[in-house]
Every structure is written in structure tokens, then in C-alpha cells.
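Participant: Quick note: the sequence shown uses our numbering, first residue 222, plus one each step. Heads up, the beta-carbon is just placed ideally off N, CA and C, and yes, glycines get one too. Before we start, here is the structure in question, set down as C-alpha cells.
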Amino acid sequence: MSRLFAVTKSLDEIIDHLQVDVVPPVEVPQETIEAAYGLIVIEKDGLRRLKLLPWGFPRQTSEMRRSGEPHSRIGLVADLTNPLWEQTVIDPRYRCLIPITHFANPDGVKGSKTRTWFSLHRQPLTAWAGFCRNTREFGPVFAGMTGEANEIVRPLNDRMPVLLKADEYQRWLTGGIEEVIKFQFRGPPPSEDFEVLETQDRWQSGIPPGRAIPRRSARSML
222 MSRLFAVTKS
232 LDEIIDHLQV
242 DVVPPVEVPQ
252 ETIEAAYGLI
262 VIEKDGLRRL
272 KLLPWGFPRQ
282 TSEMRRSGEP
292 HSRIGLVADL
302 TNPLWEQTVI
312 DPRYRCLIPI
322 THFANPDGVK
332 GSKTRTWFSL
342 HRQPLTAWAG
352 FCRNTREFGP
362 VFAGMTGEAN
372 EIVRPLNDRM
382 PVLLKADEYQ
392 RWLTGGIEEV
402 IKFQFRGPPP
412 SEDFEVLETQ
422 DRWQSGIPPG
432 RAIPRRSARS
442 ML
């Protein structure tokens with residue numbers, strides 16, 4: 222998937238849906254891109270706590286090190302065997318729930334790509350399976366796990382967020398690595414569960430789904 226998601230629900234709705242016990246004075250971000258702040262929920266000492274953290278773990282390739290480039294960010298966990306994730310994905314204390322109502326992919330030709338948003342139509346607010354950790358380079362950060370895309374997303378991207386059902390939240394937060402693997406490699410959610418909002422908004426416009434200018438297309442009618 223691309224590196225853009227949004228939550229169009231209120232803070233009270235997020236707290237209620239994710240059964241949050243500890244809430245700092247935060248606002249719901251209009252949208253989240255890599256390096257920007259997003260909401261997550263962790264569980265510590267039996268309490269679910271809401272946090273506002275930047276999206277993206279530090280990443281530096283050997284080529285980047287040789288050329289003296291600073292760390293970039295990576296906000297998507299696709300390969301669980303990558304050394305970047307091996308100490309994070311196995312430990313439940315690094316798990317989190319990422320509140321989400323929409324994720325986006327760029328659509329169209331290079332240089333004039335627009336935003337196409339995907340959301341669940343029966344229950345728009347859900348949780349994306351995530352990881353969070355304190356890092357030396359950027360401090361506390363989070364990332365989201367991706368899996369195989371379904372048919373409605375695949376024309377734009379072969380990956381999509383691993384979305385959890387409400388009765389799976391606790392399993393994600395406390396389960397072993399076996400559960401993580403099961404969640405990532407289970408089949409994608411059915412296409413008929415999703416709504417597609419194809420917009421006229423340029424990819425870097427910053428316009429959230431609630432204020433998007435729609436455009437009509439065949440894929441929207443699926």
C-alpha cells in the first residue's frame with residue numbers, strides 16, 4: 222500500500238471502539254503520511270493507552286551509510302524476516318493498534334497522480350495491525366503490517382493494510398509470533414466489504430477523504 226492513511230472519526234469514537242483506558246490531550250490528525258504523527262493504541266499493565274507518534278521506523282542501507290546519508294523512514298512491515306524487524310515482530314510489547322478509517326493509493330499517470338481512498342463500508346473505523354518501539358534515531362515510532370491486496374485494491378497496489386476485526390484486537394496485542402504470521406498470511410478481506418473513493422485531488426494535496434472531490438469511474442461502481 223501507499224504511505225497515506227486517515228481517521229475520519231472523533232476522538233471519543235476512537236476511545237470507545239478501541240476501549241482505551243488512558244487518553245492524553247491529543248487531537249485526531251487529519252491524515253498521516255510517513256514522518257507525520259498518527260494515533261496508536263498500546264497495552265501496558267492491563268490498560269490500553271492512546272499515543273500520538275510519528276509514522277516510520279529508521280532505515281539506513283549500507284549504501285546510505287557509505288555515502289553519509291541520514292536515516293530515512295519505513296512505515297510498512299511487509300517482510301517479517303527482514304533483519305530490520307526481527308527483534309520487533311516477535312515481542313508482544315512492541316505491538317499496537319492503529320486506528321484507521323481510510324487508506325489511499327496514488328492513481329493516474331506520473332506527475333499528475335490523484336488520491337484514491339479505500340474504506341470498509343459496514344464498519345469504517347477499525348484497527349490496523351501495527352508495531353511501535355523507541356528508537357535511537359527518531360525516538361518512539363510506529364509502523365503498520367501489510368498483506369496481500371484484494372481485487373479492488375490490486376489495480377493500484379499488490380499490498381494493503383492488515384486490518385483487524387474487533388474480536389481480534391487482543392490476540393494481536395498479546396499473541397506470539399505465530400499469531401503475527403497467521404494475520405499477515407491469511408487471505409485479504411473481501412472486495413465487497415470496501416468502498417472506493419476516487420478523487421480529483423492531487424496526491425500531495427493534503428485533502429482528507431471527508432473533503433475530497435470525487436470522480437466517477439468504473440472501479441467505483443464495483
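Go ahead and label Glu264 buried or exposed: buried means 16 or more other beta carbons lie within 10 angstroms of its beta carbon, across all protein chains shown.
Facilitator: With 16 or more Cβ atoms within 10 Å of its Cβ, Glu264 is classed as buried.
Participant: Just the Cα atoms here: how many angstroms apart are Tyr258 and Gly365?
Facilitator: Rounded to whole angstroms, Tyr258 to Gly365 spans 13 Å at the Cα level.
Participant: Residues bridged to Asn378 by DSSP?
Facilitator: None; Asn378 has no bridge partner.
Participant: Compare the C-alpha of Val330 against each of Trp424, Val228 and Arg436 and name the closest.
Facilitator: Checking every option, the nearest Cα to that of Val330 belongs to Trp424.
Participant: List in chain order: all unbroken alpha helix (DSSP H) runs of 4+ residues lying wholly within the region 257 to 298.
Facilitator: You should have 283 to 287.
Participant: Indicate, with yes or no, if the ligand NAP has a heavy atom lying under 7 Å from the CB of Ile428.
Facilitator: Judged by which ligands are present, the structure shown has none, so any question about the ligand NAP falls away.
Participant: What are the residues that DSSP puts in a beta bridge with Trp349?
Facilitator: The partner list for Trp349 (beta bridge, DSSP) reads Ile319 and Leu384.
Participant: Select from Leu239, Glu416 and Asp233 the residue whose C-alpha is nearest the C-alpha of Pro246.
Facilitator: Closest by alpha carbon: Asp233.
Participant: Per DSSP, what kind of secondary structure is Glu369 in: helix, strand or coil?
Facilitator: Looking at Glu369 - three-state DSSP - the assignment turns out to be strand.
Participant: Which value, in whole angstroms, describes the spacing of the CA atoms of Arg316 and Ile295?
Facilitator: Answer to the nearest angstrom: the Cα atoms are 16 Å apart.
Participant: Out of curiosity, what's the CA-to-CA distance linking Val383 and Asp312?
Facilitator: The straight-line gap from Cα to Cα measures roughly 18 Å.
Participant: Measuring CB to CB, does Ile236 end up less than 8 Å from Val228?
Facilitator: No, they are not a contact pair.
Participant: With which residues is Trp338 paired in a DSSP beta bridge?
Facilitator: According to DSSP, which records beta bridges pairwise, Trp338 is partnered with Ala325 and Leu418.
Participant: For Arg357, does the three-state DSSP call read helix, strand or coil?
Facilitator: Three-state result, Arg357: coil.
Participant: What residue range is occupied by the uninterrupted beta strand (DSSP E) comprising Leu225?
Facilitator: Element bounds for Leu225: Leu225 to Ala227.
Participant: Is the separation between the beta-carbon of Glu419 and that of Pro435 shorter than 8 Å?
Facilitator: Cβ distance < 8 Å, so Glu419 and Pro435 count as in contact.
Participant: Among residues of its own chain, excluding the 5 on either side of Gly408, which ones have a beta-carbon nearer than 8 Å to its beta-carbon?
Facilitator: Once the five neighbours on either side are set aside, the close Cβ partners of Gly408 are Glu369.
Participant: Check whether the Cβ atoms of Ile254 and Cys353 lie closer than 8 Å to each other.
Facilitator: Their beta carbons are not under 8 Å apart, which means Ile254 does not touch Cys353 by this criterion.
Participant: In the DSSP assignment, the alpha helix (DSSP H) including Thr302 goes from what residue to what residue?
Facilitator: Taken as a continuous stretch (DSSP letters only), Thr302 belongs to no alpha helix (DSSP H), as it is neither H nor E.
Participant: When we look at the beta-carbon of Arg269 and count the other beta-carbons within 10 Å, is it buried (16 or more) or exposed?
Facilitator: Result: buried.
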